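In what follows, a single structure is set out as structure tokens and then discussed.
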Amino acid sequence: MIVEANKGGKVVTLNKDDYFSKIEEKLNDTEMYEQVTNPINNNSISEFTEKLFKQNNIKQSLKLQLNSIEDLPRIRGQPKLHKVNHSMRLITCSRNTIQSSISTFAFSFIKELRTTIDNSMNNASEFVTKITKINMEEDENLASLDVQDMFTNIPLTSAVDLVINRIENSTTFNESTL
1 MIVEANKGGK VVTLNKDDYF SKIEEKLNDT EMYEQVTNPI NNNSISEFTE
51 KLFKQNNIKQ SLKLQLNSIE DLPRIRGQPK LHKVNHSMRL ITCSRNTIQS
101 SISTFAFSFI KELRTTIDNS MNNASEFVTK ITKINMEEDE NLASLDVQDM
151 FTNIPLTSAV DLVINRIENS TTFNESTL
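For the sequence shown, the UniProt record's numbering assigns the number 1 to the initial residue and increments by one for each residue that follows.
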């Protein structure tokens, strides 16, 4: 099996059974992932978007867009060549799925939140630019920390609370029609 590696723009060949085994190993980690037993169905989404539409919170075109896609997201793995045992980084592919329209809609409101966070960076180049301007004293050290599976290790409730708080204090959100 031929897949793209996690970093460095490399492409690697893997044993197909090893590839799926490493992905299943990640997904079976109950500390990290939970199997959904009662997923939101199309009727729930349809009812919610109809309610938003009737309250004049969204337009007809957005209502149709949010209800238009029925496919479920898929997961693929990218091997971490720079890690011991080449663990997998899981990527959720949600393009052209039920999540893509909802995610695009939600992102249009939360993208402004990045500007409210001190010391946030958009990419590695921006980080390098900022870090090279830091003057360090002889007795100071720079530490680099590696967080394993950072995104999935962020407490979901805390992240949602933070986003809600930031949205409530966001000028862009408060001035929107939603």
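Where a beta carbon is used, it is the ideal one built from N, C-alpha and C, also for glycine. Keep in mind that this is a model prediction, so the values were computed, not measured.
The alpha helix (DSSP H) enclosing LEU90, as first and last residue numbers = No alpha helix (DSSP H) contains LEU90, which is instead part of the beta strand (DSSP E) from 88-93.
Output the boundary residues of the beta strand (DSSP E) element that contains THR13.
-> Unbroken beta strand (DSSP E) run through THR13: 11-13.
Can you tell me which of THR171, ASN6, MET1, ILE2 puts its alpha carbon nearest to the alpha carbon of HIS86?
-> ASN6
Contacts around HIS82, its chain only, beta-carbon distance under 7 Å, and the 5 residues preceding and following it disregarded = LYS7
Local conformation of GLU4 per DSSP, three classes | Residue state, collapsed to three classes: strand.
Going along the chain, which residues of its own chain have a beta-carbon closer than 8 Å to the beta-carbon of VAL11, five neighbours each way excluded?
-> ILE2, VAL3, GLU4, ALA5
Backbone secondary structure at GLN65 - three-state DSSP = helix
Along the alpha helix (DSSP H) that carries ILE164, what are the first and last residues, could you check?
-> 156-168
Contacting residues, own chain, Cβ-Cβ under 7 Å from MET136 (five flanking each side not counted) | LEU142
Residue burial classification, PRO155 (beta-carbon count within 10 angstroms, cutoff 16) = Flag for PRO155 reads exposed.
In terms of residue numbering, what span does the alpha helix (DSSP H) encompassing ILE75 cover?
-> Not the alpha helix (DSSP H): ILE75 falls in the beta strand (DSSP E), residues 74-79.
Alpha helix (DSSP H) segment containing SER125, residue limits | 124-132
Opening and closing residue of the alpha helix (DSSP H) in which GLU24 lies = 16-27
According to DSSP, is LEU145 helix, strand or coil?
-> coil
Beta-carbon proximity check, SER100 vs SER94, cutoff 7 Å | yes
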